[in-house]
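For the sequence shown, this note's numbering assigns the number 834 to the last residue and increments by one with no breaks.
Cβ atoms here follow ideal geometry from the backbone N, Cα and C, with glycine treated the same way.
Fair warning: this is a prediction, and the values are worked out from it, not measured in the lab.
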Amino acid sequence: MRSEANHDVSEDRTPPSGPTTPRTDATTPPTEHLEPHPDASATPPTERLESHADIAVTRANDDAPASAPEVGTRAATAGPLEARRYPVEARVDDAEVQRPAGRVEARVDDAEVQRPVGRVEARVDDGEVQRPAGPAEARVGDAEVQRPAERSEVRVDEVEVLRVVELLEACVDDRTVLAAIPTELRVRLLTAAGRLSRPGRDEWRSMARALRKKERRTAREEDREAIAQTEIRSARRAEVFVAPARVVLSSEPHPHPSPNSSAGPGPAAEAPRELSKSRNCYVCKDEYTRLHHFYDSMCPPCAELNYEKRFQTASLAGRTALITGARIKIGYQAALMMLRAGARVLVTTRFPRDAAERFAREPDFASFRDRLAVFGLDLRHSPSVETFARFITQTESRLDILINNAAQTVRRPAGFYAHLLALETAPFASLSPAVQSVLRRHEEAASAIDEAPMPSSFLEWRGGADAAGIRSSALLSQLPCAYGDSEADKRAFPLGRRDADLQQIDLRTMNSWRLALADVPSPELIEVQLVNAIAPFILASKLKPLMMRDVTNDKHVVNVSAMEGQFSRRTKTDKHPHTNMAKAALNMMTLTSAPDYAKSGIFMNAVDTGWVTDEDPIVHSQRKQAEHDFQPPLDIVDGAARVCDPFFHGLLTGEHVWGKFLKDYRSVPW
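And the structure:
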């Protein structure tokens with residue numbers, strides 16, 4: 165801060181051309197202090213400063229003591245010229261430094277002002293004034309602050325600052341204190357005091373830049389903290405994911421418990437928080453600063469819509485739904501939504517016993533255990549898919565909803581699933597009664613497959629091979645299909661380590677999500693097409709007669725797709741082309757066949773679940789979180805809500821859409 169006293173000193177540096185009358189008030193130093201040293205041209209700077217200090221000490225008893233506004237750092241702020249024109253004296257601006265009521269005399273010794281040679285930054289510790297060399301580190305008291313090339317924040321203890329102030333005030337009251345300080349330390353002390361009280365233009369600019377940077381950093385940290393407190397982020401920090409209960413603002417009435425949640429409504433939400441820097445909404449791309457209590461990546465209108473859709477439901481009592489790939493994540497949550505809406509749900513997965521145990525752990529399992537059936541089915545084995553469709557057609561009286569949810573995005577080696585085999589191969593009698601109850605239909609299917617009549621048009625599969633994906637769906641996961649599958653990599657799949665979805669931790673540094681066309685293994689290419697496109701084709705075609713058996717004109721086929729399958733998307737990279745082409749094929753099947761199915765009262769749509777999972781290898785995922793605070797904008801409940809929206813919304817409004825590609829509850833181009 166520049167003060168009027170500083171301005172006066174600047175003007176005094178240019179002596180007037182005519183004779184002047186010296187000022188004699190107490191605030192002006194004796195006039196001889198303003199005269200240049202007679203031997204300035206021949207005296208080294210250090211000796212000149214020392215001689216002036218001697219003069220100042222000699223005249224201290226004759227002259228009036230200088231007041232604080234005039235006790236500046238004129239001798240040390242501007243180099244040798246200033247040192248020649250002014251004696252060594254300390255100047256403290258009253259507007260900048262406030263003294264306590266009682267002045268404490270400061271004792272000055274070498275230890276209080278000594279600093280190591282070569283240091284550049286200031287250290288205030290028990291009266292010490294030190295400056296480190298270079299911008300490496302700042303130390304205040306016992307606290308060290310590591311500093312990169314740019315300056316970082318320095319914490320200053322008020323007690324230490326007070327001791328420095330008392331030392332300077334003692335020098336102001338009695339100039340002879342300066343004479344007691346060794347010459348080198350005195351010059352450095354006054355130089356530092358002068359630069360501090362009268363910074364140059366570059367120093368002002370540097371300080372302003374540092375303050376602006378500090379403000380931005382503080383605002384960024386506050387925004388990060390606010391984002392971290394959103395419910396979607398809090399839920400991800402849990403060791404095991406649990407769908408958050410619904411909360412409302414304190415000003416809104418408390419809702420009834422949602423059928424989509426086993427828990428009652430949660431506590432009232434806090435008031436929305438404002439971000440210092442605007443963000444772009446994940447859905448509409450508009451900028452926003454008001455943060456929703458649940459979502460961290462949506463503007464308030466989009467966040468409210470998505471939050472309401474999380475808990476949307478409609479009565480499915482008396483209806484039957486079939487969903488593939490419902491052991492974990494989106495499929496599992498979608499199955500729960502339909503079960504809690506009253507539907508009878510048929511679930512397929514490669515690991516039926518693990519899926520059954522997951523459902524049995526739900527707090528409200530008893531309310532839907534009689535309406536749940538879990539089947540083992542490996543969608544990579546197309547004969548098993550067709551055999552399963554034939555079995556369902558023969559044993560079920562109706563089918564209202566078909567959800568082709570299962571998808572293979574990143575292929576996992578055999579070692580990823582090895583920990584599941586103990587349960588999947590255990591004797592059926594060793595399972596709990598709850599697990600047995602939901603697996604009984606699967607056991608019946610496995611034993612009845614061979615007795616089912618074979619259509620003459622169906623290719624004959626000898627030796628029961630057509631049922632391998634049903635009888636041995638878990639064991640098929642251990643067949644080596646690609647290089648490296650034959651030996652489990654214990655480093656990539658550490659034993660006993662699970663993620664929030666109770667899935668095996670995958671520590672591989674590379675997976676197919678980062679592979680270009682020439683790098684994708686052929687087995688993975690084939691598997692992705694079988695799971696993502698061929699299996700949905702078989703199920704939708706073979707189960708159509710069953711869906712037409714009971715005409716209600718409100719039946720649905722939901723093909724779970726992704727934006728990777730959209731031709732009009734401009735943000736595609738050259739990675740994972742095999743996944744993109746599989747989803748594009750599923751989209752084309754939907755667009756082509758939806759009009760035909762709509763004639764039978766079956767409404768077929770493709771649905772993008774949204775960005776729920778970061779498919780990158782864990783090392784890249786963690787790096788993005790650390791550097792950019794990135795996490796997917798949606799969770800698995802949001803994905804499930806999008807999957808169930810076509811039939812929930814249709815039943816609630818009577819408007820059943822078909823032949824659409826739905827993203828964020830809206831139709832988007834193919």
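* Extent of the continuous beta strand (DSSP E) to which Val721 belongs -> 719–725
* Rounded to the nearest angstrom, how far is the Cβ of Asp542 from that of Ser637, given a contact under 8 angstroms? -> 4 angstroms
* Separation of Asn696 from Ile702, as counted between CA atoms -> 11 angstroms
* To do: Mark Arg350 as exposed unless 16 or more other C-beta atoms lie within 10 angstroms of its C-beta, in which case mark it buried.
  => buried
* Asked: Should the stretch 741–751 be regarded as contacting the stretch 450–469, the criterion being three or more beta carbon pairs within less than 8 angstroms?
  -> no
* Asked: How close, in whole Å, do the beta carbons of Ala499 and Val807 come, if the pair is a contact with beta carbons under 8 angstroms?
  -> Going by Cβ atoms, the distance from Ala499 to Val807 rounds to 10 angstroms, so no, they are not a contact pair.
* What residue does the alpha helix (DSSP H) around Asp793 start on, and which one ends it? -> Looking at the DSSP string, Asp793 is not in any alpha helix (DSSP H), and its letter there is neither H nor E.
* To do: Could you spell out where the beta strand (DSSP E) holding Ala537 opens and where it closes?
  => 536–540
* By Cβ distance below 6 angstroms, which residues in the same chain neighbour Asp564 in space, the five residues on each side in sequence not counted? -> Arg483, Thr484, Lys719
* **Continuous beta strand (DSSP E) assignments of at least 3 residues falling wholly in the stretch 476–513** => 484–488, 508–513
* Hey, Ala680 and Lys736: beta-carbon distance below 8 angstroms or not? -> no
* To do: Whole angstroms is fine: what's the gap from Ile669's alpha carbon to Lys493's?
  => 15 angstroms
* Could you check what DSSP says for Phe701 in three-state terms: helix, strand or coil? => helix
* **Exposure label - Arg604; buried when at least 16 CB within 10 Å** => exposed
* Asked: To the nearest angstrom, how far is it from the Cα of Ala524 to the Cα of Phe731?
  -> 41 angstroms
* Asked: Buried or exposed: which applies to Val323, given that a residue is buried once 16 or more other Cβ atoms fall within 10 Å of its Cβ?
  -> exposed
* Asked: Roughly how many angstroms separate the alpha carbons of Glu526 and Tyr581, rounded to a whole number?
  -> 23 angstroms
* To do: Could you name each continuous beta strand (DSSP E) segment of 3 residues or more that falls completely within the stretch 436–463, going from the start of the chain to the end?
  => 437–444, 451–455
* Return helix, strand or coil for Lys827, following the three-state DSSP convention. => strand
* Asked: What residues in its chain sit with their C-beta under 8 angstroms from that of Phe539, if we drop five residues either side in the sequence?
  -> Leu510, Val511, Thr512, Thr513, Pro516, Phe552, Arg605, His606, Ala609, Ile634
* **Three-state class that DSSP yields for Met768 in the structure shown** => strand
* Going by the beta-carbon positions, is the gap between Arg474 and Asp802 smaller than 8 angstroms? -> yes
* Asked: Who does Ile565 pair with in a DSSP beta bridge?
  -> Ala485, His720
* To do: Return helix, strand or coil for Val329, following the three-state DSSP convention.
  => helix
* To do: Buried or exposed for Ser676, please, with buried defined as at least 16 other CB atoms from any protein chain shown within 10 angstroms of its CB.
  => buried
* **Asn769 versus Met502 - alpha carbon distance** => 18 angstroms
* With burial defined as no fewer than 16 other Cβ atoms inside 10 Å of the residue's Cβ, what is the status of Pro700: buried or exposed? -> buried
* Asked: Which two residues bound the contiguous alpha helix (DSSP H) that contains Glu560?
  -> Counting along the chain, Glu560 falls outside any alpha helix (DSSP H), and DSSP gives it neither H nor E.
* Asked: Gln668 by DSSP, collapsed to three states: which one?
  -> strand
* **Exposed unless 16 or more other CB atoms sit within 10 angstroms - verdict on Ser548** => buried
* **Three-state secondary structure (DSSP) of Val692** => helix
* State whether the stretch 438–449 contacts the stretch 382–390, with contact taken as three or more CB pairs (one from each stretch) at a distance under 8 angstroms. => yes
* With a Cβ-Cβ cutoff of 8 angstroms, do Ala631 and Ile613 count as a contact? -> yes
* Kindly indicate which three-state DSSP category Val832 falls into: helix, strand or coil? => strand
* So, Thr573 versus Glu779, is the Cβ gap smaller than 8 angstroms? -> yes
* DSSP three-state assignment for Arg733, whether helix, strand or coil -> coil
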